[in-house]
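Inspection log for the structure reproduced underneath, given as structure tokens.
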Amino acid sequence: MDEDLEEVRLTGGFVNDVVRVGDTVRRSAGPWTPAVHELLRHLETVGFPYSPRVLGMDDRGREVLSYLDGVSATRPWPAVLRADDGLRQIGALVRRLRAAVATFVPSPYARWRSGVAWRPGLLLRHGDLAPWNTLWRGDRLVGLLDWDFAEPAPPLWDVAQAAWYAVPLRGGDKGWQVSGFTAEPDHRHRLDVLCRAAGADPAAVLDALVRLQATERARTLDLGTAGVEPYAGFLGRGDLAELDAEAAWLHDRRTRLLSP
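The sequence shown begins at 1 in full-length UniProt numbering and counts up one residue at a time.
Take a look at the structure:
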């Protein structure tokens, strides 16, 4: 697998060690990697165009994935993501992903990073569906990266997470001010644009987001306190207070977000 090619470290490695080798990406693996590979192979089989392809493992025990060419939407966001078109593209991606995973039943021995077991009624979600994991070429969304947190979840959790981070439905120093907006955006309008493209009801998405935020808080506290990474790192950098503030922000604005 071109083991003699130069390794180029890729950005965004708080959780994983990620390098590019030729036309491949090598990432640190874990007990959840076989389950994630099952999911990625299914997505390839059904023609989902945004996920990397599984190429195997290298001689250092790292997973080998196809390299997706593009630029991730780190803050400040590209102009397309601050406009309706970017939200529509993310919503359409989520809708296609929901359709793609509808036929996926993981093997009985699949182990997901969160420890959640699949059961009928749950769908596999990406698990970290946020702008920094979307890949763009110009104004076109071309990829979705970093599937390590994929897990079985209620059907609307991918939409809810996309709304949380891409509308964005958050205040403080992670909100619109650092995302490249020059003035506060119309959160209600942006939520509506995303949900229409995703084929989801905004009220149901907000309900799902409340549950998702509570789940993320519990994981950060419980697993972080137990020293499980990356949650210990999340806990140490203050994510618990941030999650509480964002849940309060959403609670205070729910009526406005759903007003006609």
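Glycine included, every Cβ here is placed at the ideal spot set by N, Cα and C.
What you are looking at is a predicted structure, and each value in this text was computed from that prediction instead of being measured.
Output the boundary residues of the beta strand (DSSP E) element that contains residue i.
i           : result
residue 25  : 24-27
residue 49  : Looking at the DSSP string, residue 49 is not in any beta strand (DSSP E), and its letter there is neither H nor E.
residue 7   : 7-9
residue 20  : 18-21
residue 188 : Unbroken run through residue 188 is the alpha helix (DSSP H), 187-198; no beta strand (DSSP E).
residue 136 : 134-137
Verify whether the separation of the beta carbon atoms of residue i and residue j is less than 7 Å.
i           : j           : result
residue 53  : residue 197 : no
residue 111 : residue 35  : yes
residue 209 : residue 135 : no
residue 18  : residue 5   : no
residue 90  : residue 166 : yes
residue 62  : residue 27  : yes
residue 235 : residue 224 : yes
residue 212 : residue 162 : no
residue 152 : residue 194 : no
residue 260 : residue 180 : no
residue 142 : residue 70  : yes
residue 124 : residue 188 : no
With a threshold of 7 Å on Cβ separation, who are the neighbours of residue i within its own chain once the five nearest residues in sequence on each side are excluded?
i           : result
residue 146 : 128 and 133
residue 249 : 170 and 171
residue 73  : 81, 131, 132, 134 and 136
residue 232 : 224
Since residue i is in the alpha helix (DSSP H), which residue starts that stretch and which ends it?
i           : result
residue 249 : 239-258
residue 103 : From DSSP, residue 103 is part of no alpha helix (DSSP H); its letter is neither H nor E.
residue 209 : 202-225
residue 82  : 79-82
Below 8 Å on the Cβ atoms is my contact criterion, and I expect residue i with residue j to pass it. Report the Cβ-Cβ distance as a whole number of Å.
i           : j           : result
residue 242 : residue 174 : 7 Å
residue 48  : residue 100 : 4 Å
residue 66  : residue 144 : Their Cβ separation, rounded to whole angstroms, is 13 Å, which puts residue 66 and residue 144 out of contact at 8 Å.
residue 107 : residue 219 : Contact doesn't hold; Cβ gap of about 24 Å is too wide.
residue 139 : residue 85  : 7 Å
residue 206 : residue 254 : 6 Å
residue 103 : residue 64  : Contact flag wrong, Cβ pair sits at about 26 Å.
Below 6 Å CB to CB, which residues in the same chain sit around residue i once its five sequence neighbours on both sides are set aside?
i           : result
residue 245 : 172
residue 237 : none
residue 23  : 67
residue 116 : 151 and 152
To which residues of the same chain is residue i closer than 8 Å at the C-beta, ignoring the five residues directly before and after it?
i           : result
residue 221 : 235 and 240
residue 204 : 156
(message) Under 8 Å: do the stretch 154-172 and the stretch 48-62 share three or more Cβ pairs, one atom per stretch?
(response) They do not touch, by the three-pair rule.
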